[in-house]
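**Q** In the numbering used here, the protein residues as written are 3 to 544. We treat Cβ as the ideally placed atom computed from N, Cα and C, and that holds for glycine.
1) Three-state secondary structure (DSSP) at residue 315?
2) What's the gap between the Cα of residue 494 and the Cα of residue 461?
3) Looking only at DSSP bridge pairs, what is residue 351 linked to?
4) With DSSP collapsed to three states, give me the class of residue 20.
5) In chain order, what residues of the same chain lie with their CB nearer than 7 Å to the CB of residue 481, ignoring the 5 residues before and after it?
6) Going along the chain, which residues of its own chain have a beta-carbon closer than 6 Å to the beta-carbon of residue 103, five neighbours each way excluded?
7) Quick one: what does DSSP say residue 435 is sitting in, helix, strand or coil?
8) Between the Cα of residue 374 and those of 250, 342, 497, 358, spot the shortest distance and give me the residue it belongs to.
9) Please determine if the region 441-454 and the region 407-417 are in contact, where contact requires at least 3 C-beta pairs separated by less than 8 Å.
10) I'd like to confirm the pairing. Which residues does DSSP put opposite residue 500 in its beta bridges?
11) Thinking C-beta only, is residue 164 closer than 8 Å to residue 202?
12) Can residue 483 and residue 442 be called in contact, C-beta distance under 8 Å?
13) Straight-line CA distance for residue 44 to residue 225?
14) What residue range does the beta strand (DSSP E) around residue 448 cover?
15) Can you find at least 3 beta carbon pairs, one from the region 150-168 and one from the region 205-221, that sit closer than 8 Å?
16) From the DSSP output, in three-state form, read off residue 159 for me.
17) CA-CA distance, residue 340 and residue 367?
18) Compare the C-alpha of residue 383 against each of 332, 327, 405, 398 and name the closest.
19) In the structure shown, what three-state DSSP assignment does residue 458 receive?
20) On the premise that residue 330 lies in contact with residue 376, defined as a C-beta separation below 8 Å, what is that separation, rounded to the nearest angstrom?
21) CA-CA distance, residue 248 and residue 262?
22) Among the residues of its own chain, which have a CB less than 8 Å from the CB of residue 234, if the five just before and after it don't count?
23) Near residue 322, what residues of its chain come up, given a Cβ to Cβ distance below 6 Å and the 5 sequence neighbours on each side ignored?
24) Based on the DSSP output, what are the partners of residue 391 in its beta bridges?
25) Let me check one thing: in DSSP terms, what residues is residue 341 bridge-paired to?
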C-alpha cells in the first residue's frame, strides 16, 4: 500500500487548518531564509494566510492602475515605447554598421525608452505573475485537500514562501513613487528582480503538480490493488457460489432421489401390506377351515367320548331328570302338592344371589320329599332355560351310586354342556386322562379342569341317590373343589345344593355350610312349588 503518497497522517481534533499551517511554515521560511528586511517581516505579520497577502497586493495594484490610467501622455509614451522597442532591433543592426552617426544619441534614447518600456514590462510581469499566483493558489488548495501528505505540506510551505516574497516585492513596487519606479526600471529590471522568484514559484508549482500526480498514481495503484482484491473476492465468491449451486443441485438430486426412493418404498410397503392382508385373509380362511374341520372332528370325537364315558358310567342323568319330570306331571292333580313355602327363605335367596361359592343343604321330612323333588326339578328346568350350567345327581329307580359313579356322571354332564368349545386336541387330552384315572383325586382333577371354563355352575345332589359309603366323601369332595379351582386361578362360582330326607344330623356338616330346614306347616299356609323357584339373576330367562 502506498497510502503515504496521498493520505494525511492521523491528527488530533485540535489540529489547525492545513492552509494556515502551510502559510505559517512558508512565512517562517521566508523570515529566516529569504529576506532580512524588517519592513517586509512586519508587513507579513499582519496577514493570517497567503490569500490576505495576495488581497493586499491586488489592492495596491488597483490603486496604481487608477493613478496610471488618468494620463494620456503616459499611454502615448507606453505605446511609443512599444513601437520603438519593436523596431529597435533593426536600428541595433544599423548602429552596428554605422556607429559613428548615432551611437551616442541612440544609446541614450534606447536607455530612456527601454526604461519606460521596462517600467511597463514590470507592471505587466507583476500582473501576469499575480494571475499565475492566483491560479496556483486554487491548484495548491486542491492538491493540499486531495493529498495532505508531509511532502506536499513542505512543498506548499516552500511555495508559499516564494509567493510571499514575490507578493511583498510586487507590493513594494506598487507602493513606491513614479520617479522611484522609473529609476528601478533602469537599475533593477524585471528580469533581474522577478524572474528568479517566478522561476522558483513555477518550479514549486511543478513540484506540487508532480506530488499530486504521484499521489494520484499511488492512489490509482491502491485502487487497482483494491479492485484486484475485490475481483479476487468476487472470483472466490463466484467460485463459492458455483460450489453452492453445485451442492444445491446435488442436494436437489439427492432429495429427488430420496423422494423417489420413499415413493418406491411406500409402493413396496403398500404392496407388501396388500400381500400381508391377502396372506392374513388366506390364513384366516385356512384357520376357519381348520376350525371347521376341528369342530367336525370334535363333534365326532365328542360323541364317541360321551358314548365311551356313558358306557363306563352307570348313572344316566338324562333318564333321572326325565323320571323326575314324569313324577311332577303325575302329581300335578294330587291334593298333596302343597308344602311350606321354603323357597322364600332368605337363606336360599342369599345362597343363590351371593357372588361367592356357597353350599346349602335342604333338610326335609320324608313327608315332603316329593315336594322338594319337584322344587329341584323346577330349579333344573329354570336353569336350563336360562342357559346356566347346571349338573345334577337325582334319585332314580336303580340302586344308589358310588363316588366314582357320581364323578363320572358329573364329567359326562360337563362335557355335554358346551360341545362347540371342545377341539380334537382338548378332547383327546381329557379322554386320555379319563382312561388313565383310577382314584377319586384323578376324577376330581378332570372334573375341576372342565369346570374352569364356566363362570357359575349349579350342582344339585340328592343324597338318596348316593350310597351310604360315599355320602361323606362326596360332601368333602364338593367342599374342597372350590379351593382347588381358586389355587389354579379359576374364577368359577359353585352353587352346591344337597337334598336330605333322613332324620337326624348331617354327616360332615360344618359351620360354613348353610342348612335350610323345611318343617310342617298348616294346610292354609301351604303353597304349591313355583315353576321358577330361583329369584336371582342366574335364574332369569335369557
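**A** Short version:
1) The sequence position of residue 315 within the chain shown is 313, counting from 1. Coil at residue 315, not helix or strand.
2) By 1-based counting over the chain shown, the position of residue 494 is 492. By 1-based counting over the chain shown, the position of residue 461 is 459. Taking the straight line joining both Cα atoms gives about 13 Å.
3) Working through the chain shown from its first residue, we reach residue 351 at position 349. Residue pairing by DSSP places residue 351 opposite no residue, since no beta bridge is assigned to it.
4) To locate residue 20, count along the chain shown from 1; it is residue 18. For residue 20, the predicted structure reports a pLDDT of 48, less than 50, and the residue's modelled location is therefore unreliable. The matter cannot be settled from this model.
5) Here residue 481 refers to the residue found at position 479 of the chain shown. Cβ within range, chain order: 361.
6) Translated into positions along the chain shown, residue 103 becomes position 101. Residue placement at residue 103 is flagged as unreliable, the pLDDT there being 43, under the threshold of 50; the coordinate-derived value follows with that caveat. Within the same chain, no Cβ atom closer than 6 Å to the Cβ of residue 103 is found once the five residues on either side in sequence are excluded.
7) Along the chain shown, read from residue 1 onward, the residue named residue 435 stands at position 433. For residue 435, the three-state secondary structure derived from DSSP is helix.
8) By one-based count along the chain shown, residue 374 stands at place 372. Taking only the C-alpha atoms, the option nearest residue 374 is 342.
9) Enough Cβ pairs lie closer than 8 Å, so yes.
10) Numbered from 1 along the chain shown, position 498 holds the residue referred to as residue 500. For residue 500, which the question treats as bridged, DSSP gives the partners 363, 463.
11) Position 200 of the chain shown, counted from the start, is the residue given in the question as residue 202. Position 162 of the chain shown, counted from the start, is the residue given in the question as residue 164. Yes. Within cutoff.
12) The residue given as residue 483 occupies position 481 in the chain shown. The residue given as residue 442 occupies position 440 in the chain shown. No.
13) Position 42 of the chain shown, counting from 1, holds the residue named residue 44. Position 223 of the chain shown, counting from 1, holds the residue named residue 225. Below a pLDDT of 50, predicted positions are generally treated as unreliable, and residue 44, at 48, falls in that range; no measurement from the model is reported.
14) As a working mapping, residue 448 is identified with position 446 in the chain shown. For residue 448, no beta strand (DSSP E) segment is defined; the enclosing uninterrupted segment is the alpha helix (DSSP H) at 442-453.
15) Yes, since at least three Cβ pairs between the region 150-168 and the region 205-221 fall closer than 8 Å, the two stretches touch.
16) Locating residue 159 in the chain shown gives position 157, where the first residue counts as 1. Three-state DSSP puts residue 159 in a helix.
17) Position 338 of the chain shown holds residue 340. Position 365 of the chain shown holds residue 367. Whole-angstrom Cα-Cα distance: 14 Å.
18) Locating residue 383 in the chain shown gives position 381, counting from the first residue. Here the closest residue by C-alpha is 327.
19) Taking the chain shown and counting its residues from 1, the one referred to as residue 458 is at position 456. Residue state, collapsed to three classes: strand.
20) The residue given as residue 376 occupies position 374 in the chain shown. The residue given as residue 330 occupies position 328 in the chain shown. Yes, residue 376 and residue 330 are in contact; Cβ-Cβ is about 5 Å, under 8 Å.
21) Mapped onto the chain shown, residue 248 falls at position 246. Mapped onto the chain shown, residue 262 falls at position 260. Approximately 21 Å between the Cα atoms of the pair.
22) Here residue 234 corresponds to residue number 232 of the chain shown, with the count starting at 1. In its own chain, leaving out the 5 sequence neighbours on each side, no residue places its CB closer than 8 Å to the CB of residue 234.
23) Mapped onto the chain shown, residue 322 falls at position 320. Answer for residue 322: 396, 398, listed in chain order.
24) Against the chain shown, residue 391 aligns to sequence position 389. As DSSP reads the structure, residue 391 sits in a beta bridge with 459.
25) Here residue 341 is taken as the residue at index 339 of the chain shown, counted from 1. Bridge partners of residue 341: 529.
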